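Residues in the sequence shown are numbered from 288 upward in steps of one, following our numbering.
All C-beta atoms, glycine included, are put in the ideal place defined by N, C-alpha and C.
Bear in mind the structure is a predicted one, so any value in this text is a computation, not a measurement.
Single-structure report; data block below.
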Amino acid sequence: WSDIAQAPAVSTLLPSLVGAVEPGFDYRVYLGFDTGDAFFDKAEHQHDILEWFRANVGRPVAADGIRISLMILPFHNQLRKPGPMFNYLSGCAVADGADFVFRVNDDTELVTPFAGQLVKAL
288 WSDIAQAPAV
298 STLLPSLVGA
308 VEPGFDYRVY
318 LGFDTGDAFF
328 DKAEHQHDIL
338 EWFRANVGRP
348 VAADGIRISL
358 MILPFHNQLR
368 KPGPMFNYLS
378 GCAVADGADF
388 VFRVNDDTEL
398 VTPFAGQLVK
408 AL
């Protein structure tokens, strides 16, 4: 990719959050990447993604009283498999005080609110 809009997290997952988050929860999105990644391991791309997120996700949901944040975290993934990355990001969320963790892929599109029903099912 040469532009953040080409990354599935930016083109699919992150914009879908606007219609899928609901009041009553604080949302923290953890976007992980392998250290050395040709695209994500560049400070300017991380900065651009964070700015895009604030403008296109953070501000719109804040108007409804919903708090959401994005963390972009590097991970030295020696196995080059998704499992260690998911475990690392989940651990970061728990260490930051998350009560619940909902894992999705970067190309996931959320089409309906989910948090309330998931918590209720627990």
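The beta carbon of L376 lies closer than 6 Å to those of Y317, G319 in the same chain, with the five residues before and after it left out. A straight-line Cα-Cα distance of about 18 Å links V308 and W339. By the CB criterion at 9 Å, I353 and I336 fall outside the cutoff. Your pair L304 and L405 does not check out as a contact, with CB atoms roughly 15 Å apart and the cut at 8 Å. Per DSSP, the beta bridge partners of S356 are R315. P361 has F320 as its beta-bridge partners, per DSSP. Cβ neighbours of P302 within its own chain (closer than 8 Å, five residues either side excluded): N343, V344.
When C-alpha distances from G323 are compared across N364, D386, Y314, I355, the shortest belongs to N364. Judged by DSSP secondary structure, Q333 falls within the alpha helix (DSSP H) whose first and last residues are 330-340. For Q404, the enclosing alpha helix (DSSP H) stretches over residues 402-408. At the C-beta level, A294 and F326 come within 9 Å of one another. Inclusion of R390 and D321 in the CB contact set at 9 Å is not warranted, their separation being larger than that value.
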